[in-house]
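**Q** In the numbering used here, the protein residues as written are 2 to 162.
Even for Gly, the Cβ is constructed at its ideal location relative to N, Cα and C.
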Amino acid sequence: MDLKQIQELIKAVNKSELNELKIKDGDFEITIKQKQEAEQKIVTVQAPQQQHIAAAPQPVAAAPVAEAPAAQPAAEATPASNTIEIKSPMIGTFYRSPKPGEPPFINVGDNINTGDHICIIEAMKLFNEIESEVSGKIVKVLVDDATPVEYDQPLFLVEPA
2 MDLKQIQELI KAVNKSELNE LKIKDGDFEI TIKQKQEAEQ KIVTVQAPQQ QHIAAAPQPV
62 AAAPVAEAPA AQPAAEATPA SNTIEIKSPM IGTFYRSPKP GEPPFINVGD NINTGDHICI
122 IEAMKLFNEI ESEVSGKIVK VLVDDATPVE YDQPLFLVEP A
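Encoded structure:
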């Protein structure tokens, strides 16, 4: 199973009402868990080989109305201004550049388009290139390079185009 497939699984679990998704095939095993309150994703990967998907849906109680904002997309408007937050899609270590010593993917003042690579998040020794879900101008970088980030933590402020 490649990185893109794992990222798509995380997005699918986030948008679904599943609490947990387990995939096992020989030595390969991946578990994606979702907390009801914090919407946190935990991904465990061992010796990638062939893929075999076995989803075990579990009933989910209806969430109270107050929890509804926690399930919004990775990019959403902040109430104080017309900027949009680009949030971390996973737990890991945030990197602004593709390799040490190279220039960052984006800087304050740069214009970005949907699909542009904006950073890397390392999780479980896998380097995940994060793509922008919005177009606009980078107003602020909210995370220092090589620091840990949590799921749904704001990474960048973008002024929409």
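1. Any contact between the segment 140-159 and the segment 107-120? By contact I mean 3 or more CB pairs, one from each, below 8 Å.
2. With H, G and I counted as helix, E and B as strand and the rest as coil, what does DSSP make of Q35?
3. Please classify V163: is it buried, with 16 or more other beta-carbons within 10 angstroms of its beta-carbon, or exposed?
4. Which whole-angstrom value describes the C-beta separation of I85 and P161, a residue pair presumed to lie in contact below a C-beta threshold of 8 Å?
5. Where does V14 sit, in a helix, a strand or coil, going by DSSP?
6. Cutting at 8 Å between CB atoms, please list the residues of its own chain near D146, excluding the five before and the five after it.
7. At the level of alpha carbons, what is the spacing between E132 and V150?
8. Identify which residue in I121, P90, G93 and I92 has its Cα closest to the Cα of E103.
9. Could you work out which residue in I33, D3 and L143 is closest to K16 when comparing CA atoms only?
10. Does the Cβ of V135 have 16 or more other Cβ atoms within 10 Å, making it buried, or fewer, making it exposed?
11. By the DSSP assignment, the beta strand (DSSP E) with D26 in it spans what residues?
12. Rank K126, L127, I119 and M125 by C-alpha distance to the C-alpha of L143 and give the top, closest one.
13. If you run the structure through DSSP and keep just helix, strand and coil, what is L143?
14. Rounded to a whole number of angstroms, what is the C-alpha to C-alpha distance between P90 and S82?
**A** Checking against the coordinates, here is how it stands:
1. Result yes; three or more Cβ-Cβ pairs closer than 8 Å.
2. Translated into the one-based positions of the sequence shown, residue 35 becomes position 34. The answer is strand: DSSP assigns Q35 an E or B state.
3. A question about residue 163 goes unanswered here, because the residues of the chain that appear run from 2 up to 162.
4. In the sequence shown, residue 85 corresponds to position 84, counting from 1. In the sequence shown, residue 161 corresponds to position 160, counting from 1. Right, their Cβ atoms sit about 6 Å apart.
5. As a working note, residue 14 is residue 13 in the sequence shown. Helix at V14.
6. On the sequence shown, residue 146 is found 145 positions in, with the first residue counted as 1. Non-local beta-carbon contacts of D146 in its own chain, meaning distances under 8 Å to residues more than five positions away in sequence, involve F95, Y96, R97, S98 and P105 in chain order.
7. To locate residue 132, count along the sequence shown from 1; it is residue 131. To locate residue 150, count along the sequence shown from 1; it is residue 149. Distance between the alpha carbons of E132 and V150: 16 Å.
8. Here the question's residue 103 lines up with position 102 in the sequence shown. Nearest C-alpha to E103: I121.
9. The residue given as residue 16 occupies position 15 in the sequence shown. Residue I33 is the option with its Cα nearest to K16.
10. Here residue 135 refers to the residue found at position 134 of the sequence shown. V135 comes out buried.
11. The sequence position of residue 26 within the sequence shown is 25, counting from 1. From DSSP, the beta strand (DSSP E) with D26 extends over E21 to D26.
12. In the sequence shown, the residue the question calls residue 143 occupies position 142. Considering only alpha carbons, the answer is I119.
13. To locate residue 143, count along the sequence shown from 1; it is residue 142. In this structure, L143 counts as coil in the three-state DSSP scheme.
14. As a position in the sequence shown, residue 90 is number 89, starting the count at 1. As a position in the sequence shown, residue 82 is number 81, starting the count at 1. Their Cα atoms are separated by approximately 23 Å.
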